[in-house]
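*Asks:* Would you mind keeping the following structure in view while I ask a few things?
Protein chains: 2
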Amino acid sequence: MPGGKIAPKAVVGRVSLYLRQLESYQRQGLTTVSSSQLGDPLSIKNAQVRKDLAFFGQFGHAGIGYRIGELIGVLRHIIGVDRDWPLVLVGLGNLGRALLKYRGFRTRGFHIVALFDNDRSKIGANHDGLVVEPIESLGRIVAQHDIRLAILAVPADAAQGVADQLVARGIRGILNFAPVSLLVPPGVNLVGVDLSVQLQNLVYKVQQSQGEVSCAG
Amino acid sequence: MPGGKIAPKAVVGRVSLYLRQLESYQRQGLTTVSSSQLGDPLSIKNAQVRKDLAFFGQFGHAGIGYRIGELIGVLRHIIGVDRDWPLVLVGLGNLGRALLKYRGFRTRGFHIVALFDNDRSKIGANHDGLVVEPIESLGRIVAQHDIRLAILAVPADAAQGVADQLVARGIRGILNFAPVSLLVPPGVNLVGVDLSVQLQNLVYKVQQSQGEVSCAG
DNA sequence: TAGATTGTTAATCGATTAACAATC
DNA sequence: TAGATTGTTAATCGATTAACAATC
Numbered sequence: 001m002p003g004g005k006i007a008p009k010a011v012v013g014r015v016s017l018y019l020r021q022l023e024s025y026q027r028q029g030l031t032t033v034s035s036s037q038l039g040d041p042l043s044i045k046n047a048q049v050r051k052d053l054a055f056f057g058q059f060g061h062a063g064i065g066y067r068i069g070e071l072i073g074v075l076r077h078i079i080g081v082d083r084d085w086p087l088v089l090v091g092l093g094n095l096g097r098a099l100l101k102y103r104g105f106r107t108r109g110f111h112i113v114a115l116f117d118n119d120r121s122k123i124g125a126n127h128d129g130l131v132v133e134p135i136e137s138l139g140r141i142v143a144q145h146d147i148r149l150a151i152l153a154v155p156a157d158a159a160q161g162v163a164d165q166l167v168a169r170g171i172r173g174i175l176n177f178a179p180v181s182l183l184v185p186p187g188v189n190l191v192g193v194d195l196s197v198q199l200q201n202l203v204y205k206v207q208q209s210q211g212e213v214s215c216a217g
Numbered sequence: 218m219p220g221g222k223i224a225p226k227a228v229v230g231r232v233s234l235y236l237r238q239l240e241s242y243q244r245q246g247l248t249t250v251s252s253s254q255l256g257d258p259l260s261i262k263n264a265q266v267r268k269d270l271a272f273f274g275q276f277g278h279a280g281i282g283y284r285i286g287e288l289i290g291v292l293r294h295i296i297g298v299d300r301d302w303p304l305v306l307v308g309l310g311n312l313g314r315a316l317l318k319y320r321g322f323r324t325r326g327f328h329i330v331a332l333f334d335n336d337r338s339k340i341g342a343n344h345d346g347l348v349v350e351p352i353e354s355l356g357r358i359v360a361q362h363d364i365r366l367a368i369l370a371v372p373a374d375a376a377q378g379v380a381d382q383l384v385a386r387g388i389r390g391i392l393n394f395a396p397v398s399l400l401v402p403p404g405v406n407l408v409g410v411d412l413s414v415q416l417q418n419l420v421y422k423v424q425q426s427q428g429e430v431s432c433a434g
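Chains as they are written, first to last, in the working numbering: chain W, 1 to 217; chain C, 218 to 434.
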């Protein structure tokens, strides 16, 4: 791939979807796909698929398409999921406990290796074989397992404080479920997943596609 | 607002974030914000904020900024969350049960009024005062409560089948947590939340900001 | 070969940004 | 008034698309 050149933001948002779709085709027993077969279920045009993939290198075969096994390997390497990632989970409320049990993470190489909570009453509790640690143990455990990623599932008003501690202890990426925008220093990466925001976006779409039909314009 | 004119896709993705930020400022006791104050925490430029809001109408006051209470009201109306939305939850695995208990939905006017599952052994169980119904009761309950929205938290391989049933029973918007791309007819709206995809996007960012530094280019 | 499909170009389209007159 | 901040313009930037020669 082009030595370190940075992929356009729009491309980055799609490669994981390509990977997911390819894995689905592989489970179905297919061995090759065309750019149309790959893009259609994702509502992405075939030209877009080819351009996105071409950014990273020449993986296709004219007249054939893409070899699924080959492309899965390439994309996994590009994304960085061709290896296991240990991570910590902070916050053991309803959402945190669900994320801990969520099988989708494990099957994709994400392993939660430690749990943390601010709430004194939750510390020491055992969840699926892991004991909830006080936030003070964060530095030791992060160093011990060389952990770079954290899932943040604490209440909104605690999120920034916890994020600061995560950053101070060496965490380089945070998947944030708290409904707030976090401030982190450069070099620390954030992905925010605000479930209410997603649901609101859905409501907006539903409204548009119904009632709000025509009227003027 | 301009009679039914459709907002650019990019704008739609930001209005819920503006609303969330405004509510946060309101809790802090502020009564006005400038476009910079609103955009900065979200890493959105002030010109962008003004342009986004101006799309829907003139809500700002030169020299002052935006009145928070006023703008919250306007945005809630635009998004469609100035009223309550009943919704159904399908799938009572770990994630489904967590979403049911998630307080963030309730506080924003989203009320889960019925639960469904394919799994015979889960039907009849009581969760937080709601009884899990067989999927066959979907039509009756959707009609009864005039429900338009569904949260889909079933395994990947069941998702499309359930989505088809939801659509057939009149659901117009689906928040899909299953890690598959669903196919739905026009007029039905989808928002997909694939937690593993989000985590993979985070890994990609972390890799970029570290190891992959320079090399050529 | 004939048919299919790539990688890439050039054209279009939409989104972002800086700048500033108008306004309070 | 002086200072702050809007709404909007015009310029830039990036993303999408159609089309097609090259390839298997």
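For each residue, glycine too, the CB sits at the ideal point set by N, CA and C.
Please identify the residue among L399/C, G230/C, N311/C whose C-alpha is closest to the C-alpha of A375/C.
*Replies:* If we check each option's Cα against that of A375/C, L399/C comes out closest.
*Asks:* Check whether the Cβ atoms of Q200/W and I296/C sit closer than 7 Å, and answer yes or no.
*Replies:* Yes; because the gap between Cβ atoms is below 7 Å, this pair is in contact.
*Asks:* Taking DSSP's pairing of strands, which residues face K374/C in a bridge?
*Replies:* Note on residue identity: the sequence assigns Asp, not Lys, to residue 374/C. For D374/C, which the question treats as bridged, DSSP gives no partner whatsoever.
*Asks:* Alpha carbon to alpha carbon, how far is P155/W from R244/C? Give it in angstroms, no decimals.
*Replies:* Rounded to the nearest angstrom, the two C-alpha atoms are 15 Å apart.
*Asks:* Looking at chain C, which residues of the segment 26-50 of chain W have a Cβ within less than 7 Å of any of its Cβ atoms?
*Replies:* Listed by position along the chain: P41, L42.
*Asks:* Rounded to the nearest angstrom, how far is the Cβ of V81/W from that of I147/W, given a contact under 8 Å?
*Replies:* With 8 Å as the limit, V81/W and I147/W do not qualify as a contact, their Cβ atoms being about 16 Å apart.
*Asks:* Could you tell me whether the Cβ of R140/W comes closer than 7 Å to any Cβ of chain C?
*Replies:* Cβ-Cβ to chain C under 7 Å: no for R140/W.
*Asks:* Of all the CB atoms in chain C, is at least one closer than 7 Å to the CB of I112/W?
*Replies:* Chain C contact via Cβ: absent.
*Asks:* Which bits of chain W does I364/C rub up against, with CB to CB less than 7 Å?
*Replies:* Per Cβ cutoff of 7 Å: no residues; I364/C is ~11 Å from chain W at best.
*Asks:* Does DSSP classify A380/C as helix, strand or coil?
*Replies:* The answer is helix: DSSP assigns A380/C an H, G or I state.
*Asks:* Between which two residues does the beta strand (DSSP E) containing V81/W stretch?
*Replies:* Element bounds for V81/W: n/a, residue is neither H nor E.
*Asks:* Would you give the residue range spanned by the beta strand (DSSP E) that G390/C belongs to?
*Replies:* Looking at the DSSP string, the run of the beta strand (DSSP E) that includes G390/C is 390-393.
*Asks:* In chain W, which residues lie less than 7 Å from V229/C when you measure between Cβ atoms?
*Replies:* In chain order: N201, Y204.
*Asks:* For the segment 273-294 of chain C, list every residue whose C-beta sits within 8 Å of some C-beta in chain W, in sequence order.
*Replies:* Within the segment 273-294 of chain C, no residue has a Cβ that lies closer than 8 Å to any Cβ of chain W.
*Asks:* List the DSSP bridge partners of V229/C.
*Replies:* In the DSSP output, where bridge partners are listed per residue, V229/C has none listed.
*Asks:* In three-state DSSP terms, what is G69/W?
*Replies:* Helix, per DSSP.
*Asks:* For a test of the three-state rule: what should DSSP assign to P396/C, helix, strand or coil?
*Replies:* Three-state DSSP puts P396/C in coil, outside helix and strand.
*Asks:* Spatial neighbours of V184/W within its chain, please: C-beta separation below 8 Å, excluding the five flanking residues on both sides.
*Replies:* Excluding sequence neighbours, V184/W sits near A163, V167, I174, L190.
*Asks:* Which of the residues in the segment 82-102 of chain W, read from start to end, lie with their CB under 9 Å from any CB of chain C?
*Replies:* Going along the segment 82-102 of chain W in chain order, one finds W85, L87, G93, N94, L95, G96, R97, A98, L99, L100, K101, Y102 with a Cβ nearer than 9 Å to chain C.
*Asks:* Within this structure, are the beta carbons of I358/C and P351/C separated by less than 7 Å?
*Replies:* Taking 7 Å as the Cβ cut-off, I358/C and P351/C do not qualify as a contacting pair.
*Asks:* Strictly under 7 Å for the Cβ-Cβ distance: is N197/C near chain W by that measure?
*Replies:* The shown model of chain C, from 218 to 434, leaves out residue 197/C, and the question about it has no answer.
*Asks:* Quick check on S121/W: buried or exposed, where buried means 16 or more other Cβ atoms within 10 Å of its Cβ?
*Replies:* Exposed: under 16 other Cβ atoms inside 10 Å.
*Asks:* Return yes when the Cβ of G65/W is within less than 7 Å of the Cβ of S34/W, no when it is not.
*Replies:* Yes.
*Asks:* My output table needs one value for T248/C: the three-state DSSP class, helix, strand or coil.
*Replies:* It is coil, neither helix nor strand.
*Asks:* Suppose the cutoff is 6 Å on Cβ atoms and the five residues either side in sequence are ignored; what does the same chain contact list for L234/C look like?
*Replies:* Closer than 6 Å at Cβ, skipping near neighbours: L259.
*Asks:* Tell me, please, whether the CB atom of I135/W is closer than 7 Å to any CB atom in chain C?
*Replies:* By this cut-off, I135/W is not an interface position.
*Asks:* Count the other CB atoms, across all protein chains shown, that sit within 10 Å of the CB of K422/C; report buried if there are 16 or more and exposed otherwise.
*Replies:* Per the 10 Å Cβ criterion, buried.
*Asks:* Over the uninterrupted beta strand (DSSP E) stretch that includes G409/C, give me the two end residues.
*Replies:* Element bounds for G409/C: 406-409.
*Asks:* Quickly, what does DSSP pair P134/W with across the bridge? List them, please.
*Replies:* In the DSSP output, where bridge partners are listed per residue, P134/W has D117/W.
*Asks:* Does any CB atom of chain C fall closer than 7 Å to the CB of I79/W?
*Replies:* Yes - at least one Cβ of chain C is within 7 Å of the one on I79/W.
*Asks:* Does the Cβ of G280/C have 16 or more other Cβ atoms within 10 Å, making it buried, or fewer, making it exposed?
*Replies:* Exposed: under 16 other Cβ atoms inside 10 Å.
*Asks:* With the cut-off set at 7 Å, would you say V132/W and L100/W are in Cβ contact?
*Replies:* Not closer than 7 Å, so no.
*Asks:* I'd like to know if G341/C contacts chain W, where contact means its C-beta is closer than 7 Å to some C-beta of that chain.
*Replies:* Chain W, which has no Cβ nearer than 7 Å to the Cβ of G341/C, makes this no.
*Asks:* Mind checking the segment 162-178 of chain W against chain C and listing, in chain order, the residues whose C-beta falls within less than 9 Å of any C-beta there?
*Replies:* The residues in question are R172, G173, I174, L175.
*Asks:* Look at G192/W and N176/W and say whether their C-beta atoms are less than 7 Å apart.
*Replies:* Going by C-beta atoms, G192/W is nearer than 7 Å to N176/W.
*Asks:* Hey, is G217/W's beta-carbon within less than 7 Å of any beta-carbon in chain C?
*Replies:* Only weak support exists for where G217/W lies, its pLDDT of 30 falling under 50; the value from the coordinates is given anyway. Yes, because at least one Cβ of chain C sits closer than 7 Å to the Cβ of G217/W.
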